[in-house]
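>
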Ligand code: MLT
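Residue numbers (our numbering): 15 to 427.
1) Nearest to residue 5 by CA position, among 134, 167, 179, is which residue?
2) Looking at residue 205 and the ligand MLT, is the gap between the Cβ and the nearest heavy atom below 8 angstroms?
3) Quick one: does the C-beta of residue 153 sit closer than 8 angstroms to a heavy atom of the ligand MLT?
4) What are the uninterrupted segments assigned as alpha helix (DSSP H) that are 4 or more residues long and contained completely in the stretch 253 to 322, given in chain order?
5) Excluding the five sequence neighbours on either side, which residues of its own chain have a C-beta within less than 7 angstroms of the C-beta of residue 146, listed in chain order?
6) Thinking C-beta only, is residue 127 closer than 9 angstroms to residue 307?
7) If you follow the beta strand (DSSP E) that residue 369 is in, where does it begin and where does it stop?
8) Could you tell me which uninterrupted beta strand (DSSP E) segments, each at least 3 residues in length, are contained entirely in the stretch 198 to 258, listed from first to last along the chain?
9) Reducing DSSP to helix, strand and coil, say where residue 185 ends up.
10) If we ignore side chains and look at the alpha-carbon of each, how far apart do residue 412 and residue 275 end up?
11) Name the two residues that bound the continuous beta strand (DSSP E) containing residue 145.
12) Just to check, is the beta-carbon of residue 289 closer than 8 angstroms to a non-hydrogen atom of the ligand MLT?
13) Figure out for me which residue from 342, 264, 418 has the closest Cα to the Cα of residue 236.
14) Ends of the beta strand (DSSP E) at residue 356?
15) Residue 165 by DSSP, collapsed to three states: which one?
16) Going by C-alpha distance, which of 61, 22, 208 is nearest residue 334?
17) By how many angstroms is the C-alpha of residue 50 removed from the C-alpha of residue 422?
18) Got a sec? Which residues, its chain only, sit under 7 angstroms from residue 165 by beta carbon, not counting five neighbours each side?
19) Considering just the uninterrupted stretch of the beta strand (DSSP E) at residue 174, what are its terminal residues?
20) Checking the sheet assignment: what are the DSSP bridge partners for residue 103?
21) Do you know offhand how far residue 215's Cα is from residue 199's?
22) I'd like to confirm something about residue 80: is its beta-carbon nearer than 8 angstroms to some heavy atom of the ligand MLT, or not?
23) Is the stretch 80 to 91 touching the stretch 335 to 344 in the sense that three or more CB pairs, one from each, lie closer than 8 angstroms?
24) Determine the extent of the beta strand (DSSP E) in which residue 406 is found, giving its start and end residues.
25) Closer than 8 angstroms to a non-hydrogen atom of the ligand MLT - does that hold for the CB of residue 271?
26) If contact is defined by three or more beta carbon pairs under 8 angstroms, each pair taking one atom from either stretch, is the stretch 209 to 226 in contact with the stretch 242 to 250?
27) In chain order, what residues of the same chain have a beta carbon less than 8 angstroms from the beta carbon of residue 314, not counting five sequence neighbours either side?
28) Just verifying my parser: in three-state terms, what is the DSSP assignment at residue 61?
29) Helix, strand or coil: which one does DSSP assign to residue 18?
30) Answer yes or no: the CB of residue 57 versus the heavy atoms of the ligand ZN, is any distance below 8 angstroms?
31) How about residue 61: is its Cβ closer than 8 angstroms to a heavy atom in the ligand MLT?
32) Where does residue 85 sit, in a helix, a strand or coil, going by DSSP?
33) Is residue 431 a contact residue of the ligand MLT, with contact defined as CB to any heavy atom under 8 angstroms?
34) I need the straight-line Cα distance from residue 393 to residue 203, nearest angstrom please.
35) Does the stretch 113 to 129 touch the stretch 271 to 287, meaning 3 or more C-beta pairs lie closer than 8 angstroms?
36) Where does the unbroken beta strand (DSSP E) through residue 121 begin, and where does it stop?
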């Protein structure tokens with residue numbers, strides 16, 4: 015008889031966002047007259063149309079595929095050179111950051127990459143640290159891989175080291191006082207909208223190099239950084255090439271949540287130990303993993319992503335970011351006027367808000383859904399330290415955000 019992966023049975027309830035969708039569906043089925051009023055500020059899904067530069071590039075690519083002479087079948091599993099080079103030049107080298115095109119692995123999403131990266135690390139052999147609150151994918155994929163024990167009553171999994179991120183530490187965790195092998199960091203942060211300073215990231219890189227730790231750095235929201243002093247890439251930090259992998263995405267800056275394209279940077283210098291204690295580079299392992307388990311993002315999509323790096327594409331991306339960040343400012347202002355503690359939303363598209371006294375984060379979710387028909391994400395869904403907070407996503411139309419602000423003031427003011 016086939017045996018299943020027991021580790022999946024340790025996972026708690028459903029994945030956060032489908033669970034929210036399920037609760038919203040249950041509400042609208044019970045109150046169908048309210049269904050059209052629902053404003054979704056829960057999952058960070060983009061709403062604005064795709065930039066013309068991406069659309070035009072994709073149209074041209076489709077036409078190429080329609081001609082015998084320019085038709086293409088399987089592409090390189092690591093991504094087409096035209097896109098890897100565009101990323102290396104525009105996302106890194108033009109900003110003075112050393113990343114070569116062949117260190118960039120194009121994929122169909124950072125969610126997949128942050129989960130799949132565990133394939134190249136020894137299951138059960140690494141001590142792993144995650145922040146709390148955290149993007150749930152990092153935790154759940156470690157559970158699936160058998161890197162944890164069961165969850166306790168608070169939802170914390172045995173075997174993971176949780177690094178609390180609170181208002182007191184500006185949502186950037188203290189460096190652990192014990193060695194760990196893998197650390198997930200996400201800045202600008204999902205869910206708190208916090209950013210990490212150069213000094214804070216340098217401290218993490220120094221810790222990683224001193225302890226032979228690998229930093230798994232999720233920079234999916236780097237394009238939302240407005241403050242020029244805040245690093246957009248871990249590779250802006252001296253020494254990071256020895257100790258970090260970076261994940262980036264076109265989902266939120268280029269509006270590609272449905273189109274799907276992202277990339278992961280594995281520097282040539284990055285190494286880890288074999289079970290025999292030999293030091294080996296990770297780059298060939300990730301390349302091998304992708305060649306075996308992935309056939310590359312589609313040609314059309316990669317052309318679309320490359321279109322975002324043209325002058326026109328960059329101007330359109332900047333306009334999208336301006337749009338979502340103006341939404342974030344409105345949401346921040348509304349919550350501040352209500353008198354709630356407000357964080358994030360300045361260099362990140364998420365606003366992290368403290369619940370009113372005596373209301374927990376799922377209670378807040380229910381109250382806003384029922385009284386204001388506004389969907390937010392309960393902080394507890396991101397970990398125990400998220401309790402007492404809720405997250406509002408700035409990814410929406412201006413009209414919806416203005417209406418959501420009006421209703422938030424009405425329901426909570
Ligand atoms: C979120 O809302 O946290 C994100 O949209 C999730 C994701 O990017 O997968």
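From the three backbone atoms N, C-alpha and C, an ideal C-beta is built for every residue, glycine too.
Considering the structure as presented:
1) Absent from the structure is residue 5, since the part of the chain shown begins at 15 and ends at 427.
2) Stepping through the chain shown from its first residue, residue 205 is reached at position 191. Yes, the Cβ of residue 205 comes within 8 angstroms of a heavy atom of the ligand MLT.
3) Taking the chain shown and counting its residues from 1, the one referred to as residue 153 is at position 139. No, the Cβ of residue 153 stays beyond 8 angstroms of every heavy atom of the ligand MLT.
4) 297 to 307, 313 to 321
5) If you number the chain shown from 1, residue 146 lands on position 132. 176, 177, 178, 179, 397, 398, 399, listed in sequence order.
6) For this step, residue 307 is matched to residue 293 along the chain shown. For this step, residue 127 is matched to residue 113 along the chain shown. Contact: no.
7) Here residue 369 refers to the residue found at position 355 of the chain shown. Segment: none, residue 369 is in no beta strand (DSSP E) and carries neither H nor E.
8) 228 to 232
9) Your numbering for residue 185 matches position 171 in the chain shown. Three-state DSSP puts residue 185 in coil, outside helix and strand.
10) Translated into the one-based positions of the chain shown, residue 412 becomes position 398. Translated into the one-based positions of the chain shown, residue 275 becomes position 261. Rounded to the nearest angstrom, the two C-alpha atoms are 26 angstroms apart.
11) One-based indexing of the chain shown puts residue 145 at position 131. Where residue 145 is concerned, the enclosing beta strand (DSSP E) stretches over 142 to 146.
12) In the chain shown, residue 289 corresponds to position 275, counting from 1. No, Cβ of residue 289 sits at least 8 angstroms from all heavy atoms of the ligand MLT.
13) Sequence index remark: in the chain shown, residue 236 carries index 222 (1-based). Of the candidates 342, 264, 418, the one whose C-alpha sits nearest the C-alpha of residue 236 is 264.
14) For the purposes of this step, residue 356 is taken as the residue at position 342 of the chain shown. Looking at the DSSP string, the run of the beta strand (DSSP E) that includes residue 356 is 356 to 358.
15) Translated into positions along the chain shown, residue 165 becomes position 151. Note: residue 165 maps to strand in three-state DSSP.
16) To locate residue 334, count along the chain shown from 1; it is residue 320. Per the Cα distances, 61.
17) Residue mapping note: residue 422 aligns to position 408 of the chain shown, counting from 1. Residue mapping note: residue 50 aligns to position 36 of the chain shown, counting from 1. Each residue's alpha carbon lies about 17 angstroms from the other.
18) Numbered from 1 along the chain shown, position 151 holds the residue referred to as residue 165. Result list for residue 165: 24, 26, 171, in chain order.
19) As a working mapping, residue 174 is identified with position 160 in the chain shown. First-last of the beta strand (DSSP E) with residue 174: 174 to 178.
20) Stepping through the chain shown from its first residue, residue 103 is reached at position 89. Beta-bridge pairing links residue 103 to no other residue.
21) Indexing the chain shown from 1 puts residue 215 at position 201. Indexing the chain shown from 1 puts residue 199 at position 185. Roughly 10 angstroms separates the two Cα atoms.
22) Taking the chain shown and counting its residues from 1, one reaches residue 80 at position 66. No.
23) no
24) Against the chain shown, residue 406 aligns to sequence position 392. That run of the beta strand (DSSP E) goes 403 to 407.
25) Within the chain shown, the letter at position 257 stands for residue 271. Result yes, Cβ under 8 angstroms from the ligand MLT.
26) yes
27) In the chain shown, counting from the first residue as 1, residue 314 sits at position 300. Counting only Cβ-Cβ distances below 8 angstroms, and skipping sequence neighbours, we find 72, 75, 76, 79.
28) Position 47 of the chain shown, counted from the start, is the residue given in the question as residue 61. If DSSP states are grouped into helix, strand and coil, residue 61 belongs with coil.
29) Taking the first residue of the chain shown as 1, we reach residue 18 at position 4. Correct three-state label for residue 18: coil.
30) The ligand ZN is not part of this structure, which contains only the ligand MLT.
31) Against the chain shown, residue 61 aligns to sequence position 47. Flag unset: Cβ of residue 61 not near the ligand MLT.
32) Reading the chain shown from its first residue, position 71 is the one you call residue 85. Correct three-state label for residue 85: coil.
33) Examination of residue 431 is not possible in this model, given that the chain is present from 15 through 427 alone.
34) By one-based count along the chain shown, residue 393 stands at place 379. By one-based count along the chain shown, residue 203 stands at place 189. The straight-line gap from Cα to Cα measures roughly 13 angstroms.
35) yes
36) Residue mapping note: residue 121 aligns to position 107 of the chain shown, counting from 1. Where residue 121 is concerned, the enclosing beta strand (DSSP E) stretches over 118 to 121.
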